[in-house]
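Under the numbering used here, the first residue of the sequence shown is numbered 874, with each subsequent residue one higher.
Built from N, CA and C at the ideal position, the CB exists for glycine as well.
Computed from a predicted structure; not experimentally measured.
Worksheet for the structure shown next.
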Amino acid sequence: MTDPERDSMALHDRRLDVPLAAYIHLPWCVQKCPYCDFNSHRVPRQLPESAYIEALMADWALASRHEIRPLESVFIGGGTPSLFSAASIERILSVIDHSLGLTRDCEITLEVNPGTSERGAFADWQAAGVTRISLGVQSLDDSQLHRLGRIHDAASARNAVTEARQAGFEHLNCDLMFGLPDQTIAEAAADLDALIALDPSHVSYYQLTFEPGTPFYKNPPRRAVDDDLATMADAGAERLRNAGLKRYEISAFAVPGEFCRHNDHVWRFGDYLGVGAGAHGKQTQANGHIERTARISWPTGYQAAAGNARAIAESRWLDSDDTWFECLLGALRRPGGITRRDFVSRTGLSWTSLLTKCHHLIERQLLNASDERLTTTQLGWAHLDTILADLEPT
Ligand SMILES: C[S@@+](CC[C@H](N)C(=O)[O-])C[C@H]1O[C@@H](n2cnc3c(N)ncnc32)[C@H](O)[C@@H]1O
Ligand code: SF4
C-alpha cells in the first residue's frame, strides 16, 4: 500500500468513491424450470402482490436508511418480475426515487419471461419508468423450449421482441442458452442465428449448467461433450462479434454503448442495495468497511421479517483478503479487466499490493498488468477458473 493513496481516502466519506445501484428480487414464476436454481418459487394460487410490495418497501427503508448516494442503475430480477403489474413496478420505482434519487440517465432493467408479457404490457412498463428489458428467450426452437420446461414458444419470444420495440424499448437484452439437451454444434449455431436475426442490442449467451438441487442435476439430459460445448461457446462469440455485438464479459455481448450498466457495475465492484427474498447486497460504509448481506430466501419468511433486521439472513464484513479477491472475481471476467482508479477507490487497497498478489500469474502471461490496468490475457481466458482458484485466499 502506498500511503498517499490510503491517506487521501481516509480524509473523506469513502462511500462517495463507490457508485451505488439497486437490485430488487421478485421471487415467483408460473412454473419452475428444471435447470433453474435461482431463488424462484412456483406462484401460489393468488400472487401476494400488494403484501409483497409493502414488504419490499419496508425492507428498502431499512436498506437505504444510512445511504446518501443516488442510484446509477436499478435491476428488477427474479423469478419472473413480469408477473407483477406495471402499477407495482411503478410504485417500487417511485419509492426508491423519492428516497435516494435516480441519476439522470439511470438504467432501469426489468426481467421479462416471454410467456407473461401480454399485449400492451411493454407500453405500461415503459410508462412506469423501465428503460431496459431483459427477455428470457432461452431458445427459438420449440422442441427445446418444451424440454426446458418453458411456458413460452418461439413465436411468443419473437412477439415479445416486436412488442418491446413497438413500445419504444431500444435497450433490449435476450438471454439464450446453448448446450441444450441433445443439441448439436450446428443446432446451437442455428439457434443463435435465429436470435441475431431479431437484432437485439444485447445478448447474454449462457452455457446450460446442471445445478445441484435441480431436476436436471438429478437426471441430467444427454448433451454434447465438453469439447463440443467449448466449440459452441467460441463459435457463438464469433457469430455475435460478426453481428456487431462486442463481448464485454464472458457471457455478455452488446452493440457499442448498449452494455448492461447494472451488471457491469457489479463486475466492477460497485455497491448495490439488494432487497427482496434472497437478494444479495454489497455496501461500503463511510469508514471504508465493506459489508455483504443476503435476505431470507423463502418468500413468506421474508415477508414476515421485512423492515426488520431479522430479514437479513447473512451479513459478512470483508477483510482485505476477501476484498481484493472478490473484486477480481468480477473484474477478470471482463476483457476490460479493472483500472487502477476503480480498484483503489472501490477496495481502499493499493495497486502495488494487488500486483504483488498477481505477480506469478503476470509472469506466466495469464494476466497482463500496466500502471493503470489489470486484465486477463488471451491465454488466461482459457484458464480463468484455475486463475481464480489459484488467487483465492486460503
Ligand atoms: C432469472 S432468469 C431470467 C428471467 C426469467 N426468469 C426467465 O427465465 O425468463 C436469468 C437467466 O439465467 C439463465 N439461467 C438460469 N438457469 C441457468 C442454468 N442452469 N444454466 C444456464 N443459464 C441459466 C437463463 O438464461 C435465464 O434467462
Ligand atoms: S422462469 Fe426464469 S427464474 Fe423462473 S424458474 Fe424459469 S429460469 Fe428460473
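Comparing C-alpha positions only, which one of the options sits nearest to residue i?
i     : options                    : result
Q1176 : T1196, A1152, G1161, Q1158 : A1152
D910  : Q1017, A924, F1089         : F1089
L884  : P921, S1218, E927          : S1218
V1128 : G1174, A1106, N1115        : N1115
A1110 : E1131, E963, I1069, A1150  : I1069
A1063 : T1082, D1026, G1174, R1112 : R1112
Q1080 : A1067, H1019, P1054, N1092 : P1054
G1086 : Y908, T1267, D1194, Q904   : Y908
L1013 : L1049, R1005, H1233        : L1049
S913  : L1261, T953, H1233         : T953
G993  : G1203, E1164, D1026, A1033 : A1033
I962  : H1232, D1099, V1003        : V1003
L1260 : E1245, H1233, D1244        : Per the sequence presented here, residue 1260 reads as Ile, with Leu not at that position. I1260 has its Cα closest to that of H1233, out of E1245, H1233, D1244.
P917  : H1075, W1171, W1224        : W1171
D1244 : G1253, E1236, L1227, A1255 : L1227
I1185 : D978, D1101, G1174         : G1174
D978  : L1201, Y925, V1139, H1044  : H1044
A931  : R964, R915, L920, S1124    : R964
A924  : S1193, A1178, L893         : A1178
L1191 : L1222, E927, R1183, I1211  : L1222
F1268 : D1072, R1183, F1083, G1161 : No statement about residue 1268 is possible, as the shown extent of the chain runs from 874 to 1267 and does not include it.
V985  : L1018, A934, A1037         : A1037
G1130 : E1236, K1091, H1075        : H1075
A1262 : L1202, G1210, V1139        : L1202
For the alpha helix (DSSP H) containing residue i, list its first residue and its last residue.
i     : result
I981  : Unbroken run through I981 is the beta strand (DSSP E), 975 to 985; no alpha helix (DSSP H).
D1015 : 1015 to 1020
Y925  : 922 to 937
L1252 : 1251 to 1254
N1136 : 1134 to 1140
I965  : 959 to 972
E1060 : 1058 to 1069
P1277 : Nothing can be reported for residue 1277, as the shown portion of the chain is limited to 874 through 1267.
T1220 : 1213 to 1220
Q919  : Unbroken run through Q919: none, as it is neither H nor E.
L1261 : 1257 to 1264
F995  : 994 to 1001
Just to confirm the assignment, what range does the beta strand (DSSP E) spanning residue i have?
i     : result
T1225 : Careful: T1225 lies outside any beta strand (DSSP E), inside the alpha helix (DSSP H) at 1224 to 1236.
T1104 : It is not in any beta strand (DSSP E) - T1104 instead sits in the alpha helix (DSSP H) that spans 1099 to 1115.
N1241 : 1240 to 1242
V1034 : Where V1034 is concerned, there is no enclosing beta strand (DSSP E), although the alpha helix (DSSP H) it sits in stretches over 1027 to 1039.
Q1011 : 1005 to 1011
A1127 : 1125 to 1127
Y1078 : 1075 to 1080
A895  : 893 to 899
H1044 : 1044 to 1051
K905  : First-last for K905: undefined, no H or E at that position.
L944  : 944 to 951
L1118 : Premise fails: L1118 is in no beta strand (DSSP E) and is neither H nor E.
L1146 : 1144 to 1148
So, under 8 Å CB-CB, residue i and residue j are touching, yes? Tell me the CB distance rounded to an integer number of Å.
i     : j     : result
W998  : A1028 : Incorrect: roughly 21 Å between the Cβ atoms, too far for contact.
D1144 : V947  : Between V947 and D1144 the Cβ distance is about 13 Å, and since that is not below 8 Å, they are no contact.
L983  : C1047 : That pair is no contact at about 14 Å.
G951  : P900  : 6 Å
F1042 : I1006 : 5 Å
I949  : I897  : 5 Å
K1230 : L1264 : 7 Å
R851  : A1159 : Since the first and last residues shown for the chain are 874 and 1267, residue 851 lies out of range.
Compare the beta carbon distance of residue i and residue j with 8 Å and say whether it is the shorter of the two.
i     : j     : result
I941  : A895  : no
L1268 : L1239 : Given a span of 874 to 1267 for the chain in the structure shown, any question on residue 1268 remains unanswerable.
C906  : R1023 : yes
A1097 : Q1156 : no
F995  : A1040 : yes
S972  : S937  : yes
T1166 : G1180 : no
R1134 : E945  : yes
I1058 : A1106 : no
F1198 : P1266 : yes
L956  : G1149 : no
T1220 : T1196 : yes
Y1121 : P1208 : yes
P943  : R1020 : no
A1000 : L966  : no
W1224 : R1206 : no
Return no unless some Cβ of chain B is closer than 8 Å to the Cβ of residue i.
i     : result
I1058 : Among the chains in the structure shown there is no chain B, since it carries only a single protein chain.
Within the stretch 1152 to 1206, ranges of the beta strand (DSSP E) (whole runs, at least 3 residues) = For the stretch 1152 to 1206, whole beta strand (DSSP E) runs of length 3 or above, ordered along the chain, are 1153 to 1157, 1163 to 1168, 1185 to 1190.
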